[in-house]
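Chains A and B supply the protein sequences, listed in that same order.
Per my numbering, residue 1 is the first one in the first sequence, and the count goes up by one each step.
Per my numbering, residue 1 is the first one in the second sequence, and the count goes up by one each step.
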Amino acid sequence: MEEDISVDAAIAGSYPEESEALPTRQHVTGFGFYVYLLSDGILFAALFAAFAVLRGATDGGPDGHALFSARNAFIETACLLTSSFTCGIAMLACDRRNRFMTLVGFLITAVLGVMFLTLEIREFSDLVARGAGPDRSAFLSSFFTLVSTHGIHVTCGLLWLAVLLVQFLGRGFTPAMMRRFLCFSLFWHVLDVVWIGIFTFVYLIGGYL
Amino acid sequence: MTNPLHDPRRANRSTPSLQAHGHHGSWLGYVIGYGVAILLTVAAFAIAPSKHMAPFSIEAALVVLAIAQMIVHLIFFLHINTAPEQKTNVMAFGATMLIIAIVVIGSLWIMSHLAANMAPMDHLMNMQR
């Protein structure tokens, strides 16, 4: 990649005595993306705090016990956890420049992500149909905000992955592709970490306790 | 030129999931992480409906299981560890955890005090008339 060479050359040119020890463009991009993900964690923390504060504010409407299905949450968890695992396997295949396994790993990741989203959309439309939409109470507003923010992240991740796979078919293992796959895999793993918080605090503690 | 030691590009030699020459962990690491995560998830879903435990102890157990699973993900999937070259990652992570703790604990603390000090709703309604 031309751009990589120019950036590395520019860095090396500034401090010639240190050129060997300097980080590559991939390290810099990866770290920047990691910092973005940490800031995304703060966003979700604020939404979790809002949900915890408004948990009892049901305005006489249905609460978590009446609405949440642990069975549905368990299947969603299984989809997302397995897709995180297959995403990791695809990254290992990337390391070994194994085109076929990379493609298969990311395709399974995408299919499981779509399954997760389908279950979530079905759950949301079911809640709205039962009169428990986001406009019913502060509790439901905070529930829909928290869970659908995660769902929107998953949707964006799936669109991103689709674009990456099309690029990958055309270009193969270029440094730019490796960098993008790295950022995507970090994003996908972090979404799974956020989901651990959602199934624990929303569906288990909110649904049973 | 400013001091090269202060160049942000120097700050990090190893991002999560990206050690030198791109080792994204190993098969074994992902399989162990996946297996432990499954166990922790199943345990959480199994004890949540329990009728034999006090609600408080169920809640405490669920929080512990969730934190344990998040740590498993960080170690086996995101490959954050305490290696010296990952110092920047761990410090950024620690600072974020501090902010998250302040946001969540602070919100719950303040709002519970506000709720306790709030005048009863019927009293407020009467004041408006």
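Every residue, glycine too, gets a C-beta built ideally from N, C-alpha and C.
Quick caveat, the model's predicted, so the values are computed rather than measured.
Residue state for Pro-55 (chain B) is assigned as helix, using DSSP reduced to three classes. Interface residue (Cβ-Cβ distance to chain A less than 8 Å): Gln-86 (chain B) is not classified as such. Taking 7 Å as the Cβ-Cβ cut-off, the stretch 25–41 of chain A approaches chain B at Gln-26, His-27, Val-28, Gly-30, Phe-31, Tyr-34, Val-35, Leu-38, Gly-41, given in chain order. Three or more Cβ pairs closer than 8 Å define a contact, and the stretch 143–152 of chain A meets that threshold against the stretch 194–206 of chain A.
About 6 Å separates the Cβ atoms of Leu-119 (chain A) and Ile-75 (chain A), confirming a contact at the 8 Å cut-off. Across the stretch 171–189 of chain A, CB contacts with chain B closer than 8 Å involve Met-178, Leu-182, Ser-185, Leu-186, His-189, in sequence order along the chain. A Cβ-Cβ contact shorter than 8 Å links Val-90 (chain B) with Ile-80 (chain B).
By a beta-carbon distance limit of 8 Å, Val-104 (chain B) contacts Ala-49 (chain A). Their separation comes to about 5 Å.
For Asn-81 (chain B), the three-state secondary structure derived from DSSP is coil. For Gly-88 (chain A), the secondary structure class from DSSP, reduced to helix, strand or coil, is helix.
Annotation: the stretch 108–192 of chain A contains the following complete segments of the alpha helix (DSSP H) (minimum length 4 residues), in chain order: 138–171. Listed along chain B is no residue with a C-beta nearer than 8 Å to that of Thr-102 (chain A); the closest approach is about 11 Å. Taking a C-beta cut-off of 7 Å against chain A, the contacting residues of the stretch 89–104 of chain B are Asn-89, Ala-92, Phe-93, Thr-96, Ile-99, Ile-100, Val-103, Val-104, listed in chain order. Under the Cβ criterion (8 Å, minimum of three pairs), the stretch 93–112 of chain A does not count as touching the stretch 121–139 of chain A.
Closer than 7 Å at the C-beta level to chain B, one finds these residues of the stretch 194–207 of chain A: Ile-196, Gly-197, Thr-200, Leu-204, Ile-205.
Scanning chain A for C-beta atoms nearer than 8 Å to the C-beta of Pro-120 (chain B) yields nothing, as the closest lies near 16 Å away. Taking 8 Å as the cut-off, the beta carbon of Ile-58 (chain B) is found closer than this to the beta carbon of Ala-48 (chain B). For the stretch 124–139 of chain A, there are no residues whose beta carbon sits under 8 Å from a beta carbon of chain B.
If you compare the alpha carbons of A:Leu-161, A:Ser-69, A:Ala-132, A:Pro-134 with that of Leu-112 (chain A), the shortest gap goes to A:Leu-161. Listed along chain A are Ile-89, Leu-92, each with a C-beta nearer than 8 Å to that of Trp-27 (chain B). Not a single unbroken stretch of the beta strand (DSSP E) spanning 3 or more residues falls wholly within the stretch 28–60 of chain A. Residues Arg-179 of the same chain have their beta carbon placed closer than 6 Å to that of Thr-29 (chain A), with the five preceding and five following residues left out of the count. For the pair Pro-55 (chain B) and Thr-174 (chain A), the Cα-to-Cα distance works out to about 53 Å.
Segment contact: the stretch 76–94 of chain A against the stretch 37–45 of chain B, three or more CB-CB distances shorter than 8 Å; contact assigned. Of all residues in the stretch 46–66 of chain B, those with a C-beta nearer than 8 Å to a C-beta of chain A are Ala-48, Pro-49, Pro-55, Ile-58, Glu-59, Leu-62, Val-63, Leu-65, Ala-66, reading in chain order. Cβ neighbours of Arg-136 (chain A) within its own chain (closer than 6 Å, five residues either side excluded): Gly-61. Around the beta carbon of Met-127 (chain B), fewer than 16 other beta carbons lie within 10 angstroms, which makes this residue exposed. For Gly-172 (chain A) and Trp-27 (chain B), the gap between their C-alpha atoms comes out near 22 Å. Between Ile-110 (chain B) and Ala-45 (chain A), the gap from beta carbon to beta carbon reaches 8 Å or more.
Measuring C-alpha to C-alpha distances from Ala-66 (chain A) to each of A:Asp-126, A:Phe-181, A:Ile-196 identifies A:Asp-126 as the nearest.
Excluding residues up to 5 positions away in sequence, Gly-151, Val-154, Thr-155, Leu-158 lie with their Cβ nearer than 8 Å to the Cβ of Leu-117 (chain A) in the same chain. For His-73 (chain B), the closest Cβ of chain A is nearer than 8 Å. Collapsing the DSSP output to three states places Arg-25 (chain A) in a helix.
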